[in-house]
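First up is the structure itself, then whatever we jot down about it.
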Amino acid sequence: MMNVRDRILSQIKVNKPSSLALNEIPVFMGDDSLTNFKKNLESISGQPIEVNSTNEVESIVNQLFPSAKKIASSIIPGTVSIDTSSDLVSLEQVEVAVLRGEFGVAENGAIWLPESNMINRSLPFIAQYLVLVLKKNDMVMNMHKAYERCRPGNYGSFIAGPSKTADIEQSLVIGAHGARSLTVILD
9 MMNVRDRILS
19 QIKVNKPSSL
29 ALNEIPVFMG
39 DDSLTNFKKN
49 LESISGQPIE
59 VNSTNEVESI
69 VNQLFPSAKK
79 IASSIIPGTV
89 SIDTSSDLVS
99 LEQVEVAVLR
109 GEFGVAENGA
119 IWLPESNMIN
129 RSLPFIAQYL
139 VLVLKKNDMV
149 MNMHKAYERC
159 RPGNYGSFIA
169 GPSKTADIEQ
179 SLVIGAHGAR
189 SLTVILD
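Take the sequence shown: its position 16, counting from 1, is numbered 24 in this note's numbering, and each next residue is one higher.
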């Protein structure tokens, strides 16, 4: 005589549906072109600016943010001194952060920013305005290729456009949880 458990398991075996093959996950098959990156960056409210060399970064930042008094940067000399031990009050006062991105993702306009390029982990998220400088030829096609390029065990962040959030009433707020704007200077 079968107990209840065995009877239930035997009924499950009899009524078990046949296995189905899993669906293929489509892979973005675009290209890793600068044009594709810029188009996708603009679609998420980022602003791409092409320059001929890194020497132009300081003048571009001064044109974009003429009234900024507190700029923190690893690229522009003579800016506010920020490091890994900076207190939150000093970080909060930074108006513009100018940092070097490691590579861009053409699929979605994101930029990989490793911790070693952040000066301080909080800086890209607490500054009012974020400027990332990126080499024009440092692009990957999609996030699959991007993850292959990231060094395991190292902290970093994919930055994609300015901070955005919306509530249930569909009121869009820019800069609520991070930078109000993202400018990407392509050198």
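Each residue gets a CB set at the ideal place from its N, CA and C atoms; glycine is no exception.
From M126 to A29, what distance separates their C-alpha atoms? If you take the alpha carbons of M126 and A29, they lie about 44 angstroms apart.
Own chain, CB closer than 8 angstroms to S82, minus 5 neighbours either side, in chain order: Excluding positions up to five away in sequence, the list reads V106, L107, R108, N125, I127.
What does DSSP give as the partner residues of M149 in its beta bridges? For M149, which the question treats as bridged, DSSP gives no partner whatsoever.
Among E103, S51, N11, I52, nearest to A76 - alpha-carbon criterion: With respect to the C-alpha of A76, the residue from E103, S51, N11, I52 having the closest C-alpha is E103.
With DSSP as the reference, identify every bridge partner of L181, one or two as the case may be. It is Val, not Leu, that sits at residue 181 in the sequence shown. Per DSSP, T173.
Might you give, ordered along the chain, the residues of its own chain that have their beta carbon closer than 6 angstroms to the beta carbon of M147, omitting 5 neighbours on each side? Closer than 6 angstroms at Cβ, skipping near neighbours: D40, F45, G112, A114.
Can you tell me whether V22 is buried or exposed? The criterion is at least 16 other CB atoms within 10 Å of its CB, across all chains shown. Per the 10 Å Cβ criterion, exposed.
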